[in-house]
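Numbering (my numbering), first residue to last: 1250 to 1525.
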């Protein structure tokens, strides 16, 4: 079994069904997955949970909750309500965590500190239900290019500051695509380890040139990220969970058969990410 690899099912967005994606993973010994909520909804939560249980799968995360900021109080409450549903879905799947992509500036706002306060308030509002449900919340800081529209939390330290304020059950998902550039990366990962807040580790690669900032992530080894170095930092910080492959690749990997994608991921994790 390929125990140190989890397949984020965003990597397999080629039109396959949930069951087909699971079959492609199992064919190559991958027994850990991280599905997206729309993929679960397409098959139905009960059926997805049944497939997970029947195949003895580990669900390393559910993607995603978050998107807290909104222009009105009613909009912010609607976002919290959606996150409460996401917690229930994560619990039903037995997910290790619910990944939070927190959201950016609401509407025409230029108030970045205000958006970040909405994120704090939103997580605080969902946290009691998450704790009661046994679902850890993993804030995923995104690259600063997404600060306006996807995530106003852009560094591991920013995410850890929120987690420290809110307390137990809030941590970070460290995605190399979003944090590899950070000159304080080593210190931030070490801090996350000391605070025991590393809940997930996502990998892919940064292509040069990148043709689309959202949908042109690279396969491990095809770009410029020093994956073994970052993994060494994460393991030194005390996290030894799976490396979760998450590749958004509209014009390349999403056009290939899932069997091929999983096969290449397994080979690249072994050869490139682990440096074997």
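Idealized CB from N, CA, C, for every residue including glycine.
Margin query: For residue 1375 and residue 1405, I'd like the C-alpha separation in whole angstroms.
Written below: Here the question's residue 1375 lines up with position 126 in the chain shown. Here the question's residue 1405 lines up with position 156 in the chain shown. So the two alpha carbons sit approximately 21 Å from each other.
Checklist line | Length of the line joining the Cα atoms of residue 1411 and residue 1322 | finding: Counted from its first residue, the chain shown places residue 1411 at position 162. Counted from its first residue, the chain shown places residue 1322 at position 73. The straight-line gap from Cα to Cα measures roughly 21 Å.
Margin query: In this structure, how does DSSP classify residue 1304 when only helix, strand and coil are distinguished?
Written below: As a position in the chain shown, residue 1304 is number 55, starting the count at 1. It is coil, neither helix nor strand.
Margin query: Can you list, in chain order, the residues of its chain with a C-beta nearer than 8 Å to that of residue 1457? Leave out the 5 residues immediately preceding and following it.
Written below: Indexing the chain shown from 1 puts residue 1457 at position 208. Excluding positions up to five away in sequence, the list reads 1472 and 1473.
Notebook entry, point to check: Cβ of residue 1401 within 8 Å of Cβ of residue 1359?
Noted result: By one-based count along the chain shown, residue 1401 stands at place 152. By one-based count along the chain shown, residue 1359 stands at place 110. No; because the gap between Cβ atoms is not below 8 Å, this pair is not in contact.
Margin query: Short of 6 Å in beta carbon distance, which residues of its chain neighbour residue 1488, apart from the five on each side in sequence? Order them along the chain.
Written below: The residue labelled residue 1488 in the question sits at position 239 within the chain shown. Same-chain partners within the cutoff: 1447.
Notebook entry, point to check: Sorted by chain position, which residues of the same chain lie with C-beta nearer than 6 Å to residue 1442's C-beta, five sequence neighbours on each side aside?
Noted result: Indexing the chain shown from 1 puts residue 1442 at position 193. Hits under 6 Å: 1486 and 1487.
Notebook entry, point to check: DSSP beta-bridge partners for residue 1401?
Noted result: Along the chain shown, read from residue 1 onward, the residue named residue 1401 stands at position 152. Residue 1401 is not bridged to any residue.
Next item on the list: Please report the residue range of the alpha helix (DSSP H) in which residue 1426 lies.
Entry: Translated into positions along the chain shown, residue 1426 becomes position 177. 1425-1428 is the span of the alpha helix (DSSP H), which, as asked, contains residue 1426.
Item checked: Span separating the alpha-carbon of residue 1503 from that of residue 1440 -> Position 254 of the chain shown, counted from the start, is the residue given in the question as residue 1503. Position 191 of the chain shown, counted from the start, is the residue given in the question as residue 1440. Approximately 35 Å, taken between the alpha carbons.
Notebook entry, point to check: Roughly how many whole angstroms lie between the Cα atoms of residue 1257 and residue 1362?
Noted result: Counting from 1 along the chain shown, the entry for residue 1257 is found at position 8. Counting from 1 along the chain shown, the entry for residue 1362 is found at position 113. So the alpha carbons of these two residues sit roughly 31 Å apart.
Margin query: Here's the rule: buried if 16 or more other CB atoms are within 10 angstroms of the residue's CB, otherwise exposed. What is residue 1445?
Written below: For the purposes of this step, residue 1445 is identified with residue 196 of the chain shown, where counting begins at 1. Result: exposed.
Notebook entry, point to check: Are the Cβ atoms of residue 1341 and residue 1391 separated by less than 8 Å?
Noted result: In the chain shown, the residue the question calls residue 1341 occupies position 92. In the chain shown, the residue the question calls residue 1391 occupies position 142. Taking 8 Å as the Cβ cut-off, residue 1341 and residue 1391 do not qualify as a contacting pair.
Next item on the list: Tell me whether residue 1462 sits in a helix, a strand or coil according to DSSP, three-state version.
Entry: Start at 1 with the first residue of the chain shown, and residue 1462 comes out as number 213. Reduced to three states, the DSSP call for residue 1462 is coil.
Notebook entry, point to check: Which whole-angstrom value describes the C-beta separation of residue 1484 and residue 1451, a residue pair presumed to lie in contact below a C-beta threshold of 8 Å?
Noted result: Position 235 of the chain shown, counting from 1, holds the residue named residue 1484. Position 202 of the chain shown, counting from 1, holds the residue named residue 1451. The Cβ separation is near 15 Å, so there is no contact.
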